[in-house]
Amino acid sequence: MSRDLDLSGIQLRKGDSFKRIMLLPDSCVQLTVTSPPYNIGKEYERKKSLDKYLEQFRPLVDQLYRVTNENGSVCWQVGNYVSDGSIVPLDIPFFSLFQDAGFQLKNRIVWHFRHGLHARARFSGRYETIMWFSKGSNPVFNLDPVRIPALYPGKRAFKGPRKGMPTGHPDGKNPSDFWPEVLLEDWESAIWDLPNVKANHPEKTSHPCQFPIELVERCLLALTNPVDLVLDPFLGVGSSAIAAERHGRRFIGFELEPEYLVAARRRLALARKGKLPTRKMGTPIAAPRGKVSEMPTEWLGHV
Numbered sequence: 016m017s018r019d020l021d022l023s024g025i026q027l028r029k030g031d032s033f034k035r036i037m038l039l040p041d042s043c044v045q046l047t048v049t050s051p052p053y054n055i056g057k058e059y060e061r062k063k064s065l066d067k068y069l070e071q072f073r074p075l076v077d078q079l080y081r082v083t084n085e086n087g088s089v090c091w092q093v094g095n096y097v098s099d100g101s102i103v104p105l106d107i108p109f110f111s112l113f114q115d116a117g118f119q120l121k122n123r124i125v126w127h128f129r130h131g132l133h134a135r136a137r138f139s140g141r142y143e144t145i146m147w148f149s150k151g152s153n154p155v156f157n158l159d160p161v162r163i164p165a166l167y168p169g170k171r172a173f174k175g176p177r178k179g180m181p182t183g184h185p186d187g188k189n190p191s192d193f194w195p196e197v198l199l200e201d202w203e204s205a206i207w208d209l210p211n212v213k214a215n216h217p218e219k220t221s222h223p224c225q226f227p228i229e230l231v232e233r234c235l236l237a238l239t240n241p242v243d244l245v246l247d248p249f250l251g252v253g254s255s256a257i258a259a260e261r262h263g264r265r266f267i268g269f270e271l272e273p274e275y276l277v278a279a280r281r282r283l284a285l286a287r288k289g290k291l292p293t294r295k296m297g298t299p300i301a302a303p304r305g306k307v308s309e310m311p312t313e314w315l316g317h318v
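Going by my numbering, the first residue of the sequence shown is number 16, and it counts up by one from there.
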């Protein structure tokens with residue numbers, strides 16, 4: 016066991032993620048859930064060529080393979096790299112890095128959200144992807160905590176030894192790999208449509224690309240068991256740590272930016288007291304209302 020890193024509870028540390036992960040013991044992490052910088056020029060990153068950007072992650076991915084349990088997983092959430100008006104979906108080149116390290120891709124999850132920058136020269140982007148990689152062939156996968164209501168719960172077998180018996184599961188069905196915002200009706204359509212953390216979202220901080228807590232919760236509930244160790248090498252303002260705290264998992268996370276680390280520790284402290292504003296998993300999306308949701312009078316009759 017490393018003398019530098021305490022793996023007994025919830026630890027939020029400052030420092031370079033690669034150097035910190037090198038201090039972790041082999042096979043100690045059950046789940047890594049994170050969203051790396053996208054190389055789009057945010058305040059916490061220096062924009063590089065796409066090749067240089069990707070190559071900087073290769074040693075980190077190799078280290079993630081080393082520290083992941085044989086039945087452990089990585090959830091790697093990414094968007095698009097943009098250069099001169101052309102986009103590269105980052106999940107495509109990242110797949111090769113993880114495959115080279117020895118990981119197996121179990122699912123490519125589409126996370127849909129309804130808010131973001133409006134594009135002028137192409138359709139506005141409204142989704143990102145979460146790649147679920149496993150280290151071995153039989154990762155932990157707990158379906159029951161994330162089941163969704165079945166569309167036809169009363170369906171029964173019409174032949175065979177179970178004729179006349181219900182064919183589904185009393186707790187619902189598998190939500191699949193297409194996730195919309197957490198409306199029960201949308202769960203049934205198999206889209207992960209969680210709202211991104213913008214504007215009046217209760218979890219909003221100064222971080223420009225903040226992880227919604229409920230996105231982490233779904234991954235954590237399905238891919239870990241209580242007391243398992245969860246890792247986030249790009250901690251940001253601590254959404255993954257808060258999800259781990261909520262559900263009785265150990266956690267370790269690293270963050271370079273002092274401002275975000277301070278925010279993460281503050282939010283975790285509030286969460287432990289039950290005072291952190293959050294959006295509860297499964298909360299319906301509020302319908303637009305007020306003047307801004309109405310057609311401007313000068314546009315009425317526009318053809």
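Cβ coordinates follow ideal geometry from the N, Cα and C atoms, glycine included.
Please read these numbers as outputs of a predicted model, since none were measured by experiment.
Do residue j and residue i have their beta-carbon atoms positioned less than 8 Å apart in this structure?
i, j, result
"D247", "R264", "no"
"A279", "L27", "yes"
"E309", "L283", "no"
"H133", "P195", "no"
"L276", "L285", "no"
"N86", "P154", "yes"
According to DSSP, simplified to helix, strand and coil, what is residue i?
i, result
"Q26", "strand"
"L120", "strand"
"T312", "helix"
"F148", "strand"
"F173", "coil"
"P181", "strand"
"F110", "helix"
"V155", "coil"
"S204", "Because the pLDDT at S204 is just 37, under 50, the model does not fix this residue reliably, and the value given afterwards should be weighed accordingly. It is coil, neither helix nor strand."
So which of the options has the shortest CA-CA distance to residue i?
i, options, result
"T49", "S64, G94, V103", "G94"
"C234", "L285, K288, S88", "S88"
"S23", "I267, W91, I257", "I267"
"F72", "P160, F33, E229, A258", "F33"
"W91", "I145, P52, D66, L105", "I145"
"L238", "S255, L230, F156", "F156"
"S98", "D77, K174, Y68", "Y68"
"G253", "L271, P241, Q114, L236", "L271"
"N189", "P176, M180, R162", "R162"
"E143", "V103, N86, D21, E313", "V103"
"G187", "L158, M180, P195, G175", "L158"
"P160", "E232, G251, L291, D21", "E232"
"R123", "D31, M180, F110", "F110"
"L39", "K288, L276, F269", "F269"
"D77", "K150, P154, P195", "K150"
"Q240", "L230, L250, H262", "Note that residue 240 corresponds to Asn in the displayed sequence, not to Gln. If we check each option's Cα against that of N240, H262 comes out closest."
"L79", "P195, R137, L112, G251", "L112"
"R35", "V277, L250, G316, L285", "L250"
"K121", "R137, S152, S101, S139", "S152"
"S139", "G100, K174, K63, S191", "G100"
Can you list, in chain order, the residues of its chain with a C-beta nearer than 7 Å to that of residue i? Leave out the 5 residues immediately preceding and following it.
i, result
"G183", "A165, P168, K170"
"L105", "Y53, V93, G94, N95, Y96"
"R81", "D41"
"I228", "E218, S254, I257, A258, T293"
"T312", "none"
"R141", "H127, F128, R129, G131"
"R287", "E260"
Between residue i and the rest of its own chain, which residues show a CB-CB distance below 6 Å, the 5 nearest in sequence each way excluded?
i, result
"N84", "S42, Q45"
"K178", "A172"
"F118", "F148"
"P108", "L69"
Please report whether the beta-carbon of residue i lies at a distance below 8 Å from any beta-carbon of chain C.
i, result
"Y275", "This model lacks chain C altogether, as it is built from one protein chain only."
Leaving aside the five residues before and after residue i along the sequence, list all residues of the same chain whose C-beta is less than 8 Å from its C-beta, in chain order.
i, result
"P74", "F33"
"P273", "K29"
"P176", "none"
As an exercise, report each continuous beta strand (DSSP E) stretch of at least 3 residues that is fully enclosed by the segment 224-307, in chain order.
Given a length threshold of 3 residues, each whole run of the beta strand (DSSP E) inside the segment 224-307 is given here in chain order: 244-247, 265-270.
Runs of 3 residues minimum, wholly inside the segment 31-105: which ones carry the beta strand (DSSP E) assignment?
As summarised for the segment 31-105, the continuous beta strand (DSSP E) elements at least 3 residues long and confined to that stretch are 44-49, 83-93, 95-98, 101-104, given in chain order.
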